[in-house]
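**Student:**
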Amino acid sequence: MRPADAGASHHIRAYGGAVLGALGALAVVATIERTLGVREAAMLLYVVPVVLAAGWWGRGPAIVAAVTSVLGQDLLLVEPRGTLIIARPDDAIGLLLLFFVALATAQLADSARRGQEHAREADVARRSEQLKTALLRAVSHDLRTPLSAIKAGASGLLADDAAYAAEDRRETLTAIEEEADRLDRLVGNLLDASQVEAGAIRPHVAAEDLGEILRDVLRRKRALLAERPVALDIPESLPLAWCDRALVAQALSNLVENAAVHTPPESGVRLCIRADRHHVAVVVEDDGPGIAAEDRPRLFRAFERGRRAGGGGTGLGLAIARGFAEAQGGTLRAEDGASGGARLVLSLPLAPVDTRGHGRAA
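Residue 0 is where the sequence shown starts when you use numbering that gives the first Met the number 0, and the numbers rise one by one after that.
(1) Can you look up H10 in the DSSP assignment and give me helix, strand or coil?
(2) Who pairs with A245 in a beta bridge, going by DSSP?
(3) How would you label V18, buried or exposed, when you count the other beta carbons within 10 angstroms and need 16 or more for buried?
(4) How long is the line joining the alpha carbons of G71 and P88, rounded to whole angstroms?
(5) With DSSP as the reference, label H117 as helix, strand or coil.
(6) What residues match up with H278 in a beta bridge as DSSP calls it?
(7) Measuring alpha carbon to alpha carbon, tell me which of A248, W241, A324 ends up nearest V352.
(8) Please return the same chain residues whose Cβ sits closer than 6 Å to the Cβ of V247, not counting the five positions on each side in sequence.
(9) Among L190, V63, W56, which has the Cα closest to the Cα of F98?
(10) Among S193, L345, S252, which residue has its Cα nearest to the Cα of R221?
(11) Taking the straight line between their C-alpha atoms, what separation do you get for P145 and G289?
(12) For D285, which of helix, strand or coil comes out of DSSP?
(13) The alpha helix (DSSP H) spanning A318 covers which residue range?
(14) State whether the segment 257-268 contacts the segment 227-235, with contact taken as three or more CB pairs (one from each stretch) at a distance under 8 Å.
(15) I'd like the ranges of any alpha helix (DSSP H) spanning at least 4 consecutive residues and lying wholly in the segment 219-274.
(16) Within 8 Å, do at least three Cβ pairs link the segment 164-172 to the segment 197-214?
(17) According to DSSP, is D185 part of a helix, a strand, or is it coil?
(18) If you draw a straight line from the C-alpha of C271 to the C-alpha of L189, how long is it?
(19) Nearest to D294 by alpha carbon, out of V216, A333, A274, D275?
(20) Taking 7 Å as the threshold (C-beta atoms), are A148 and E362 in contact?
(21) Taking just the CA atoms, how far does D275 sit from L349?
(22) Could you please give the first and the last residue of the uninterrupted alpha helix (DSSP H) stretch that includes A52?
(23) Determine the extent of the beta strand (DSSP E) in which A206 is found, giving its start and end residues.
Following this line, the structure appears as C-alpha coordinates:
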(Lines of atoms letter the chains of each structure in order from A and count residues from 1; the text may use other names and numbers.)
(Lines give C-alpha, C1' and ligand atoms only; values in the text may rest on other atoms or scores of the structure.)
Protein backbone atom coordinates (compact mmCIF):
# COMPACT_ATOMS: atom_id res chain seq x y z
CA MET A 1 0.00 0.00 0.00
CA ARG A 2 1.32 3.43 -0.93
CA PRO A 3 1.87 5.99 1.88
CA ALA A 4 -0.97 8.18 0.58
CA ASP A 5 -3.38 5.23 0.53
CA ALA A 6 -2.29 4.17 4.00
CA GLY A 7 -2.87 7.70 5.31
CA ALA A 8 -6.34 7.87 3.76
CA SER A 9 -7.22 4.47 5.21
CA HIS A 10 -6.10 5.60 8.67
CA HIS A 11 -8.24 8.75 8.47
CA ILE A 12 -11.28 6.75 7.38
CA ARG A 13 -10.85 4.35 10.29
CA ALA A 14 -10.28 7.17 12.77
CA TYR A 15 -13.20 9.39 11.81
CA GLY A 16 -15.48 6.45 11.06
CA GLY A 17 -14.66 4.93 14.43
CA ALA A 18 -15.36 8.25 16.16
CA VAL A 19 -18.80 8.52 14.52
CA LEU A 20 -19.69 4.90 15.29
CA GLY A 21 -18.57 5.31 18.91
CA ALA A 22 -20.73 8.41 19.34
CA LEU A 23 -23.74 6.68 17.78
CA GLY A 24 -23.19 3.69 20.06
CA ALA A 25 -23.21 5.95 23.12
CA LEU A 26 -26.37 7.63 21.79
CA ALA A 27 -28.07 4.25 21.47
CA VAL A 28 -27.14 3.35 25.06
CA VAL A 29 -28.46 6.67 26.40
CA ALA A 30 -31.69 6.28 24.41
CA THR A 31 -32.16 2.77 25.80
CA ILE A 32 -31.58 3.98 29.37
CA GLU A 33 -34.09 6.81 28.90
CA ARG A 34 -36.68 4.48 27.42
CA THR A 35 -36.35 1.78 30.10
CA LEU A 36 -35.49 3.79 33.21
CA GLY A 37 -36.72 7.26 32.34
CA VAL A 38 -33.31 8.75 33.18
CA ARG A 39 -31.42 10.84 30.64
CA GLU A 40 -29.40 13.54 32.40
CA ALA A 41 -27.11 11.17 34.34
CA ALA A 42 -26.68 8.90 31.33
CA MET A 43 -25.54 11.86 29.22
CA LEU A 44 -22.08 11.48 30.75
CA LEU A 45 -21.72 8.39 28.56
CA TYR A 46 -21.28 10.73 25.59
CA VAL A 47 -17.88 11.69 26.94
CA VAL A 48 -16.60 8.09 26.67
CA PRO A 49 -16.29 7.85 22.85
CA VAL A 50 -14.82 11.36 22.77
CA VAL A 51 -12.08 10.40 25.23
CA LEU A 52 -11.39 7.12 23.42
CA ALA A 53 -11.19 8.87 20.06
CA ALA A 54 -8.76 11.44 21.47
CA GLY A 55 -6.60 8.76 23.04
CA TRP A 56 -6.50 6.54 19.96
CA TRP A 57 -6.62 8.93 17.02
CA GLY A 58 -6.15 12.50 18.24
CA ARG A 59 -8.09 15.73 18.54
CA GLY A 60 -9.78 15.76 15.10
CA PRO A 61 -11.72 12.49 15.51
CA ALA A 62 -12.54 13.49 19.10
CA ILE A 63 -14.18 16.72 17.88
CA VAL A 64 -16.15 14.71 15.31
CA ALA A 65 -17.31 12.36 18.09
CA ALA A 66 -18.38 15.33 20.24
CA VAL A 67 -20.31 16.99 17.37
CA THR A 68 -21.97 13.68 16.46
CA SER A 69 -23.02 13.15 20.09
CA VAL A 70 -24.57 16.61 20.42
CA LEU A 71 -26.36 16.52 17.04
CA GLY A 72 -27.60 12.98 17.64
CA GLN A 73 -29.01 13.88 21.01
CA ASP A 74 -30.65 17.01 19.61
CA LEU A 75 -32.29 15.04 16.79
CA LEU A 76 -33.42 11.99 18.77
CA LEU A 77 -33.80 12.94 22.42
CA VAL A 78 -34.50 16.68 22.66
CA GLU A 79 -37.99 18.05 22.04
CA PRO A 80 -39.17 18.57 19.37
CA ARG A 81 -37.61 15.31 18.25
CA GLY A 82 -36.53 14.74 14.68
CA THR A 83 -35.39 18.35 14.18
CA LEU A 84 -32.44 20.49 15.16
CA ILE A 85 -34.76 22.99 16.86
CA ILE A 86 -34.35 23.26 20.65
CA ALA A 87 -37.53 24.39 22.35
CA ARG A 88 -36.32 24.66 25.94
CA PRO A 89 -33.41 26.92 26.99
CA ASP A 90 -32.20 24.44 29.61
CA ASP A 91 -31.84 21.77 26.88
CA ALA A 92 -29.72 24.19 24.83
CA ILE A 93 -27.55 24.97 27.85
CA GLY A 94 -27.19 21.25 28.60
CA LEU A 95 -26.09 20.48 25.05
CA LEU A 96 -23.57 23.31 25.07
CA LEU A 97 -22.18 22.18 28.43
CA LEU A 98 -21.96 18.62 27.13
CA PHE A 99 -20.12 19.78 24.03
CA PHE A 100 -17.55 21.87 25.91
CA VAL A 101 -17.01 19.22 28.60
CA ALA A 102 -16.41 16.67 25.84
CA LEU A 103 -13.97 18.99 24.08
CA ALA A 104 -12.06 19.75 27.29
CA THR A 105 -11.83 16.06 28.11
CA ALA A 106 -10.71 15.31 24.56
CA GLN A 107 -7.99 17.94 24.87
CA LEU A 108 -6.72 16.33 28.07
CA ALA A 109 -6.76 12.85 26.52
CA ASP A 110 -5.01 14.10 23.39
CA SER A 111 -2.36 15.85 25.47
CA ALA A 112 -1.77 12.64 27.43
CA ARG A 113 -1.44 10.68 24.18
CA ARG A 114 1.03 13.19 22.76
CA GLY A 115 2.99 13.10 26.01
CA GLN A 116 3.29 9.32 25.75
CA GLU A 117 4.42 9.60 22.12
CA HIS A 118 7.05 12.19 23.03
CA ALA A 119 8.26 9.98 25.88
CA ARG A 120 8.58 7.02 23.50
CA GLU A 121 10.43 9.17 20.96
CA ALA A 122 12.77 10.43 23.67
CA ASP A 123 13.42 6.85 24.80
CA VAL A 124 14.17 5.79 21.22
CA ALA A 125 16.51 8.76 20.81
CA ARG A 126 18.24 7.90 24.08
CA ARG A 127 18.69 4.27 23.01
CA SER A 128 19.99 5.39 19.63
CA GLU A 129 22.51 7.71 21.26
CA GLN A 130 23.51 4.94 23.64
CA LEU A 131 24.01 2.59 20.71
CA LYS A 132 26.18 5.16 18.91
CA THR A 133 28.28 5.68 22.04
CA ALA A 134 28.70 1.95 22.51
CA LEU A 135 29.66 1.45 18.88
CA LEU A 136 32.26 4.21 19.14
CA ARG A 137 33.58 2.60 22.30
CA ALA A 138 33.68 -0.77 20.57
CA VAL A 139 35.53 0.65 17.57
CA SER A 140 37.95 2.66 19.70
CA HIS A 141 38.79 -0.07 22.20
CA ASP A 142 37.05 -3.42 21.98
CA LEU A 143 37.61 -3.79 18.24
CA ARG A 144 41.02 -2.15 18.17
CA THR A 145 42.52 -4.48 20.79
CA PRO A 146 42.09 -7.77 18.89
CA LEU A 147 42.90 -6.07 15.59
CA SER A 148 46.16 -4.74 17.03
CA ALA A 149 47.09 -8.17 18.35
CA ILE A 150 46.31 -9.81 15.00
CA LYS A 151 48.32 -7.20 13.11
CA ALA A 152 51.30 -7.49 15.47
CA GLY A 153 51.36 -11.27 15.23
CA ALA A 154 50.97 -11.33 11.45
CA SER A 155 53.61 -8.62 10.97
CA GLY A 156 56.05 -10.58 13.08
CA LEU A 157 55.52 -13.73 11.07
CA LEU A 158 55.94 -11.86 7.79
CA ALA A 159 59.06 -9.95 8.77
CA ASP A 160 62.04 -10.81 6.57
CA ASP A 161 64.45 -11.11 9.47
CA ALA A 162 62.09 -13.09 11.71
CA ALA A 163 63.49 -16.42 12.89
CA TYR A 164 60.68 -18.22 14.66
CA ALA A 165 61.06 -21.65 16.17
CA ALA A 166 58.23 -24.01 15.29
CA GLU A 167 56.80 -23.75 18.80
CA ASP A 168 56.92 -19.94 18.78
CA ARG A 169 55.32 -19.80 15.35
CA ARG A 170 52.50 -22.07 16.51
CA GLU A 171 52.01 -19.96 19.64
CA THR A 172 51.79 -16.78 17.55
CA LEU A 173 49.32 -18.36 15.12
CA THR A 174 47.22 -19.62 18.04
CA ALA A 175 47.14 -16.10 19.49
CA ILE A 176 46.06 -14.70 16.11
CA GLU A 177 43.28 -17.29 15.90
CA GLU A 178 42.07 -16.50 19.43
CA GLU A 179 42.00 -12.76 18.73
CA ALA A 180 40.15 -13.38 15.45
CA ASP A 181 37.58 -15.46 17.34
CA ARG A 182 37.24 -12.66 19.89
CA LEU A 183 36.73 -10.16 17.10
CA ASP A 184 34.14 -12.40 15.46
CA ARG A 185 32.22 -12.71 18.76
CA LEU A 186 32.29 -8.96 19.29
CA VAL A 187 30.98 -8.17 15.80
CA GLY A 188 28.33 -10.87 16.18
CA ASN A 189 27.23 -9.41 19.52
CA LEU A 190 26.97 -5.93 18.04
CA LEU A 191 24.82 -7.25 15.19
CA ASP A 192 22.66 -9.27 17.59
CA ALA A 193 22.23 -6.26 19.88
CA SER A 194 21.11 -4.08 16.98
CA GLN A 195 18.49 -6.70 16.04
CA VAL A 196 17.22 -6.94 19.62
CA GLU A 197 17.03 -3.15 19.97
CA ALA A 198 15.14 -2.87 16.67
CA GLY A 199 12.75 -5.72 17.54
CA ALA A 200 13.83 -7.50 14.36
CA ILE A 201 14.22 -11.01 15.82
CA ARG A 202 12.07 -13.51 13.89
CA PRO A 203 12.39 -16.90 15.60
CA HIS A 204 11.79 -20.17 13.73
CA VAL A 205 10.45 -22.34 16.53
CA ALA A 206 10.28 -26.12 16.62
CA ALA A 207 10.33 -28.91 19.20
CA GLU A 208 13.95 -28.99 20.42
CA ASP A 209 16.00 -30.95 22.96
CA LEU A 210 17.61 -28.41 25.31
CA GLY A 211 19.98 -31.06 26.63
CA GLU A 212 21.43 -31.59 23.17
CA ILE A 213 21.74 -27.84 22.56
CA LEU A 214 23.46 -27.33 25.93
CA ARG A 215 25.96 -30.14 25.27
CA ASP A 216 26.81 -28.60 21.88
CA VAL A 217 27.41 -25.22 23.53
CA LEU A 218 29.70 -26.74 26.17
CA ARG A 219 31.69 -28.54 23.47
CA ARG A 220 32.27 -25.22 21.72
CA LYS A 221 33.26 -23.57 25.02
CA ARG A 222 35.73 -26.27 26.11
CA ALA A 223 38.73 -23.95 25.89
CA LEU A 224 36.98 -21.21 27.87
CA LEU A 225 36.00 -23.64 30.65
CA ALA A 226 39.16 -25.78 30.57
CA GLU A 227 40.50 -24.68 33.97
CA ARG A 228 37.16 -24.68 35.77
CA PRO A 229 35.21 -27.43 37.52
CA VAL A 230 32.01 -27.82 35.50
CA ALA A 231 29.02 -29.83 36.76
CA LEU A 232 26.31 -30.82 34.27
CA ASP A 233 22.94 -32.26 35.29
CA ILE A 234 20.57 -33.20 32.45
CA PRO A 235 17.68 -35.60 33.23
CA GLU A 236 17.39 -38.64 31.00
CA SER A 237 13.69 -38.03 30.42
CA LEU A 238 13.35 -34.43 29.36
CA PRO A 239 10.40 -32.86 27.51
CA LEU A 240 11.14 -30.90 24.36
CA ALA A 241 11.07 -27.11 24.34
CA TRP A 242 9.27 -24.95 21.77
CA CYS A 243 12.07 -22.68 20.63
CA ASP A 244 14.50 -21.54 17.94
CA ARG A 245 17.58 -23.76 18.15
CA ALA A 246 20.06 -21.13 16.93
CA LEU A 247 18.74 -18.39 19.23
CA VAL A 248 18.79 -20.70 22.25
CA ALA A 249 22.34 -21.83 21.46
CA GLN A 250 23.52 -18.22 21.26
CA ALA A 251 21.71 -17.28 24.48
CA LEU A 252 23.26 -20.24 26.32
CA SER A 253 26.69 -19.39 24.90
CA ASN A 254 26.32 -15.89 26.32
CA LEU A 255 25.30 -17.25 29.74
CA VAL A 256 28.26 -19.63 29.85
CA GLU A 257 30.66 -16.87 28.76
CA ASN A 258 29.18 -14.57 31.40
CA ALA A 259 29.85 -17.17 34.11
CA ALA A 260 33.42 -17.69 32.88
CA VAL A 261 34.40 -14.08 32.22
CA HIS A 262 32.94 -12.46 35.32
CA THR A 263 34.17 -14.92 37.97
CA PRO A 264 37.64 -15.90 39.25
CA PRO A 265 39.44 -18.56 37.16
CA GLU A 266 39.19 -21.26 39.84
CA SER A 267 35.45 -20.88 40.53
CA GLY A 268 33.10 -23.62 39.39
CA VAL A 269 30.16 -23.52 37.00
CA ARG A 270 27.06 -25.68 37.41
CA LEU A 271 24.51 -26.25 34.67
CA CYS A 272 21.26 -28.14 34.91
CA ILE A 273 17.93 -28.45 33.12
CA ARG A 274 14.61 -28.62 34.92
CA ALA A 275 11.03 -28.89 33.65
CA ASP A 276 7.57 -28.25 35.03
CA ARG A 277 4.10 -28.47 33.50
CA HIS A 278 4.59 -25.49 31.22
CA HIS A 279 8.30 -24.73 30.83
CA VAL A 280 11.77 -26.18 30.40
CA ALA A 281 14.52 -24.19 32.10
CA VAL A 282 18.30 -24.17 31.80
CA VAL A 283 20.03 -22.99 34.98
CA VAL A 284 23.60 -21.62 34.85
CA GLU A 285 25.10 -21.05 38.29
CA ASP A 286 28.61 -19.98 39.26
CA ASP A 287 30.67 -19.75 42.45
CA GLY A 288 31.70 -16.16 41.89
CA PRO A 289 30.93 -13.14 44.07
CA GLY A 290 27.33 -12.89 42.85
CA ILE A 291 25.53 -9.87 41.48
CA ALA A 292 25.74 -6.67 43.49
CA ALA A 293 22.41 -5.17 44.55
CA GLU A 294 23.15 -1.93 42.68
CA ASP A 295 23.78 -3.89 39.47
CA ARG A 296 20.49 -5.83 39.42
CA PRO A 297 18.26 -3.11 37.91
CA ARG A 298 20.60 -2.73 34.92
CA LEU A 299 21.81 -6.32 34.63
CA PHE A 300 19.98 -7.00 31.35
CA ARG A 301 20.43 -3.57 29.78
CA ALA A 302 22.54 -3.39 26.65
CA PHE A 303 26.05 -1.91 27.03
CA GLU A 304 25.87 -1.96 30.83
CA ARG A 305 28.88 -3.48 32.61
CA GLY A 306 28.47 -4.76 36.13
CA ARG A 307 30.98 -4.70 38.97
CA ARG A 308 31.53 -8.45 39.23
CA ALA A 309 35.09 -9.73 39.39
CA GLY A 310 36.85 -9.53 36.05
CA GLY A 311 34.03 -7.40 34.66
CA GLY A 312 35.30 -7.04 31.11
CA GLY A 313 33.30 -7.50 27.94
CA THR A 314 31.00 -5.19 26.07
CA GLY A 315 27.96 -5.44 28.34
CA LEU A 316 25.90 -7.04 25.57
CA GLY A 317 25.79 -10.74 26.41
CA LEU A 318 22.97 -10.83 28.95
CA ALA A 319 20.90 -8.22 27.11
CA ILE A 320 21.10 -10.31 23.94
CA ALA A 321 20.29 -13.51 25.82
CA ARG A 322 17.18 -11.97 27.35
CA GLY A 323 16.12 -10.48 24.01
CA PHE A 324 16.48 -13.87 22.32
CA ALA A 325 14.56 -15.59 25.14
CA GLU A 326 11.66 -13.13 25.05
CA ALA A 327 11.45 -13.32 21.24
CA GLN A 328 10.58 -17.01 21.66
CA GLY A 329 8.05 -16.52 24.45
CA GLY A 330 10.59 -17.33 27.16
CA THR A 331 12.21 -15.47 30.03
CA LEU A 332 15.65 -14.91 31.49
CA ARG A 333 15.95 -13.99 35.14
CA ALA A 334 18.73 -13.64 37.70
CA GLU A 335 18.69 -15.20 41.16
CA ASP A 336 21.08 -15.63 44.07
CA GLY A 337 22.94 -18.93 43.82
CA ALA A 338 23.12 -21.41 46.69
CA SER A 339 26.85 -20.70 47.16
CA GLY A 340 26.48 -16.93 46.96
CA GLY A 341 27.26 -16.70 43.27
CA ALA A 342 24.96 -15.77 40.41
CA ARG A 343 22.23 -18.02 39.06
CA LEU A 344 20.73 -17.27 35.64
CA VAL A 345 17.60 -19.14 34.59
CA LEU A 346 16.61 -19.36 30.92
CA SER A 347 13.01 -20.62 30.76
CA LEU A 348 11.28 -21.66 27.53
CA PRO A 349 7.77 -22.98 26.82
CA LEU A 350 7.16 -26.69 26.41
CA ALA A 351 6.59 -27.91 22.88
CA PRO A 352 2.91 -28.59 22.07
CA VAL A 353 2.00 -32.22 22.62
CA ASP A 354 1.26 -32.88 18.94
CA THR A 355 4.76 -31.67 17.91
CA ARG A 356 6.91 -33.47 20.45
CA GLY A 357 7.41 -36.42 18.18
CA HIS A 358 8.69 -34.22 15.35
CA GLY A 359 11.57 -32.32 16.94
CA ARG A 360 15.15 -32.76 15.91
CA ALA A 361 15.90 -34.73 19.03
CA ALA A 362 12.62 -36.54 19.59
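Where is the CB? At the ideal position from N, CA and C, for every residue including glycine.
What you are looking at is a predicted structure, and each value in this text was computed from that prediction instead of being measured.
**Tutor:** In this structure, then:
(1) helix
(2) Answer is none; A245 lacks a bridge partner.
(3) buried
(4) 18 Å
(5) helix
(6) P348
(7) W241
(8) I212
(9) V63
(10) S252
(11) 29 Å
(12) strand
(13) 316-326
(14) yes
(15) 244-260
(16) no
(17) Note on residue identity: the sequence assigns Leu, not Asp, to residue 185. Looking at L185 - three-state DSSP - the assignment turns out to be helix.
(18) 28 Å
(19) A333
(20) With the chain covering only 0 through 361, there is no way to say anything about residue 362.
(21) 9 Å
(22) 46-56
(23) 205-207
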